[in-house]
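In the UniProt record's numbering, the protein residues as written are 1 to 801.
I have placed the structure first, in the form of structure tokens, so that the comments after it can refer back to it.
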Amino acid sequence: MSPSDREPDSATGDTSAENARIAGKTAQIAAEQSYVTMLYGRLDAERERTKRLLDTVLRSSGGPPQAQAERDTATTTHSDRLAQLNSVEQGLCFGRLDFGVAAEAGEDGPVYIGRLGLFDEEDDYRPLLVDWRAPVARPFYLATAASPDGVRRRRHIRTLTRRVVDVDDEVLDLGSAEHTDHLGLAGEAALLAALERRRTGEMSDIVATIQGEQDRIIRADMNGVLVVQGGPGTGKTAVALHRAAYLLYTYRRQLTSRGVLVVGPNSTFLRYIGQVLPSLGETGVLLSTIGELYPGIAATGIDSPSAAEAKGALAMVDVLATAVRDRQLVPDDVLDIDVEGEVLTLDRATAEKARAKARKTLRPHNVARRVFADAVLDHLTEQSIQRLESSVLDDVPDIPLADDESEDTELLDARDHTAIRQELAEDKNIRAAIDSLWPKLTPQELLSDLLTSSAALESAAGEHLSPGARAALLRRPGSLWTAADIPLLDELAELLGQDDTEARERRERREREERAYAEGVLHVLEQDDEIIDEEMLRVRDVLDAELLAERQEASSDLTAAQRAARDRTWTFGHVIVDEAQELSAMDWRLLMRRCPSRSMTLVGDVSQTGSPAGTSSWSGVLAPYVADRWRLRELTVNYRTPAEIMDLAAGVLTEIDPGLKAPASVRETGVPPWHLSVARRDIAGQIKSIVEGEIAEVAGGTVAVLVPSELEGPLSAELADADSGDPENPRVSVLTVDRAKGLEFDGVVVVAPGEVVAESARGLNDLYVALTRATKRLGIVHTGAPIPALSGAQSGGEAPS
């Protein structure tokens, strides 16, 4: 139902009554304008005050370490607050609650709801505007006529910049003469108006129109794993992002230092949602794809479906562990090592004992390497000592032994042994020998070697992967890293570890030197102290050598999210995953390392799984990590997709699984999906006119052309000049279905649906995703015989001329 379909508030047809209604609405708007203007004045004043505080802090310099640390903290605090105040300029206040008769009596004025809280400092910090996440604001989203929670009237306030343009009231008192029936949606008029808005290429927040089932998920407890299952258009992504904002507001103490990670399916999706959290006043969230979660690696390559499936399989854990063990070698027989003209030998049995000793520690490869190296050095040192002592004895004539001597008397003492061992440890040939048997490895080096060598793959994966999977994994040297490589690199980083012994020793040595220098400085300062009596404060009373020796690190105002982006081992306070059904088993291992507390929100729809490595069961992916200790919440109302389009998509859903039920759409547009048949060879020539017709129909909105991968390049080139809008937010996008996941457009043209289905093992799932991206119009261009699942598009709709 669109706003124009509803009965007017006054249906009497009486001109005077209608004029009175208009006058009343005008007066209400004027009253709200006065209050909103006051709120913006408070916002401006708060901005100016925060700017002054920030400028004062930035101008200050010098001082002891404690003062510098406090200055850095203040800089971060004021910068964050200023960013928050700047981010809420649009839609600062969007709602009002009137509670019972008290509101009319003026005993307890109305409660205004907005993007952040503002207070009257001169009136005991009385709330002027309540943050939408505060408990007192919750009835704005949950109150109904059946359960009003004390609310008599809920008002939605619509603004354009700082101007109030409309108000919409819901009277929840069933006994009131003002009460009117609604669809059961909170703020029906405001919601439908938001749904009818043209899309701009960036996702908008839904803070003013959150519905009850969405609000209950947004405000759910942070602990544990919460799975949000919802069909197309149910607002899963919006709920996930608003949940991130709510958790940061409610659990700020726990989350400020660790941050929140939001994982999306692709970079297009991240650009699409990029402004939502800043508009809600939150900037401390890291938005990332799986392919961006390994610092220093740009995953720009693309895997074949079979390669992505093989890389995502849990069997890769054993493959990688075997690949690491394959690099822990022993000599075939005896390894000769030339040490300054003397040949020392390392036999196979000794090397195997050293390897077994290192493996028994269960330490990562690069850390256990030191154990292996120590065992080999012990053997070579003993061998060298024996040869040296034997040589000395051979050169000394026979001398009668004293009464207290025996033939077993050692010629070299412990210090000699230590010196010999140190010399051997520094010998380049011995180091090379150890490196050849137990090399230091990086994840990039090992994975590249594994995937470009058929012999290495056969050795590591022969028992774990099929010949077809191994063939899919093999690639040319120098190939680009792909998103599916990132979990493998992360797994190898855990298996290999990093031996930081030498770096730690250097750091400790430097700290000792700095402390010694500081002691000298303090000594000089104390010589200058003119101590008049025992009560006078001395340098050492306020400053010791350890404090003075601390290195002055460069001032940094990086947020937790920014620091996390640079640190592979960072663990987050909460992780939110959108399109979670697409993650592979190896993706899940990576994410669980990032969140050992298992505080996670996972949103998705198993009926939309397109990745061959994805899942069709939440319990299947979560059982290894949390058993059955996870919660499921479902979203059942489709806010995005009109009923005409959803009826068509429901036929595809039935073919995927007859037991699945499509979400119910809240509106109709009166425009059924259209279809058109075009010869495959003619599609590039005709697509431009088709898209130009759709652009005209959506009147300034966005149009997506969803295509099989083979047509993406040709049609992108054909439509390169069809869009005269903003390059950052194009009105026309040519995308494969996997890149369109999570996005929405005013109009969608699905090209060659038969090929979309045929190119993937889960092609019907991909087609279901493609059909449900539209908010207003859907067209289907067949390049062959129409597939049975789309028979509903054979009548009713017409392509635009």
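We treat Cβ as the ideally placed atom computed from N, Cα and C, and that holds for glycine.
Note that this is a predicted model, so its numbers are computed, not measured.
Original post:
Within 10 angstroms of its Cβ, does residue 746 collect 16 or more other Cβ (buried), or is it exposed?
Top reply: buried
> Can you give the beta carbon distance from residue 281 to residue 116, rounded, assuming they're within the 8 Å contact cut?
Replying inline: 5 Å
Legend entry - When 255, 412, 456, 370 are compared against residue 825, the one with the closest alpha-carbon: What the structure shows of the chain is the stretch from 1 to 801, and residue 825 is not part of that stretch, so it cannot be assessed.
Three-state secondary structure (DSSP) of residue 107
Low confidence applies to residue 107: its pLDDT is 49, below 50, so where it sits in the model is not reliable, and the reading given next is rough at best. The answer is coil: DSSP assigns residue 107 none of H, G, I, E or B.
Review point. Should residue 690 be labelled buried (16 or more other beta-carbon atoms within 10 Å of its own) or exposed?
Key: buried
Three-pair Cβ contact test at 8 Å for the stretch 428-441 versus the stretch 274-289:
no
Using only CA atoms, which one of 593, 607, 318, 586 lies nearest to residue 579? 607
- Task: Could you please give the first and the last residue of the uninterrupted beta strand (DSSP E) stretch that includes residue 601?
- Result: 600-604
> Can you check whether the CB of residue 773 is closer than 9 Å to the CB of residue 740?
Replying inline: yes
Residues sharing a beta bridge with residue 261, DSSP: 286, 575
Tell me which residue opens and which closes the beta strand (DSSP E) that residue 359 is part of.
Unbroken run through residue 359 is the alpha helix (DSSP H), 348-360; no beta strand (DSSP E).
Three-state secondary structure assigned by DSSP to residue 302: coil
Checklist entry - If you draw a straight line from the C-alpha of residue 533 to the C-alpha of residue 124, how long is it? => result For residue 533, the predicted structure reports a pLDDT of 49, less than 50, and the residue's modelled location is therefore unreliable. The matter cannot be settled from this model.
Taking the C-alpha atoms as reference points, what is the distance between residue 208 and residue 168?
12 Å
Notebook entry, point to check: Pairing CB atoms from the stretch 154-166 with CB atoms from the stretch 75-82, are three or more of them under 8 Å?
Noted result: no
Could you check whether the stretch 647-663 touches the stretch 236-244, counting it as contact only if at least three pairs of C-beta atoms, one from each stretch, sit closer than 8 Å? no
Using only the alpha-carbon positions, how far apart do residue 571 and residue 140 sit? 35 Å
ask   = When DSSP labels each residue in this structure, what does residue 790 get in the three-state scheme?
value = helix
Closest to residue 292 by C-alpha separation, out of 270, 338, 303, would be which residue? 270
Q. What separation, rounded to the nearest whole angstrom, lies between the Cα atoms of residue 641 and residue 232?
A. 8 Å
**Message:** Threshold first: 4 residues or longer. Then list the alpha helix (DSSP H) segments lying entirely within the stretch 622-694, N to C.
**Reply:** 643-656
Using the beta-carbon count (16 or more within 10 Å), is residue 259 buried or exposed?
buried
**Q.** residue 645 at chain B interface by Cβ criterion, 9 Å
**A.** Protein chains in the displayed structure number just one, and chain B is not present.
- Query: What's the gap between the Cα of residue 594 and the Cα of residue 754?
  - Reply: 40 Å
task = Using three-state DSSP, classify residue 297 as helix, strand or coil.
result = coil
Measure the Cβ-Cβ separation of residue 454 and residue 322 and say whether it is below 9 Å. no
query = Are residue 602 and residue 247 touching if we call contact CB-CB under 9 Å?
reply = no
If you draw a straight line from the alpha carbon of residue 426 to that of residue 382, how long is it in whole angstroms? 16 Å
Next item on the list: Work out the CA separation of residue 156 and residue 165 for me, nearest whole Å.
Entry: 11 Å
Task: Endpoints, the alpha helix (DSSP H) within which residue 582 is located - done: Premise fails: residue 582 is in no alpha helix (DSSP H) and is neither H nor E.
Margin query: Pull the bridge partners of residue 229 from the DSSP assignment, please.
Written below: 604, 634
* Asked: If you draw a straight line from the C-alpha of residue 613 to the C-alpha of residue 491, how long is it?
  -> 17 Å
Applying the 10 Å Cβ sphere with the 16-neighbour rule, what's the burial state of residue 626? exposed
Point to revise | Cutoff 7 Å; reference residue 385; Cβ partners in own chain excluding five residues on either side | key: 412, 417, 420
Which class does residue 418 belong to by DSSP, given the choice of helix, strand or coil?
helix
Checklist line | 6 Å CB neighbourhood of residue 132 in its chain, flanking five on each side removed | finding: 113, 207
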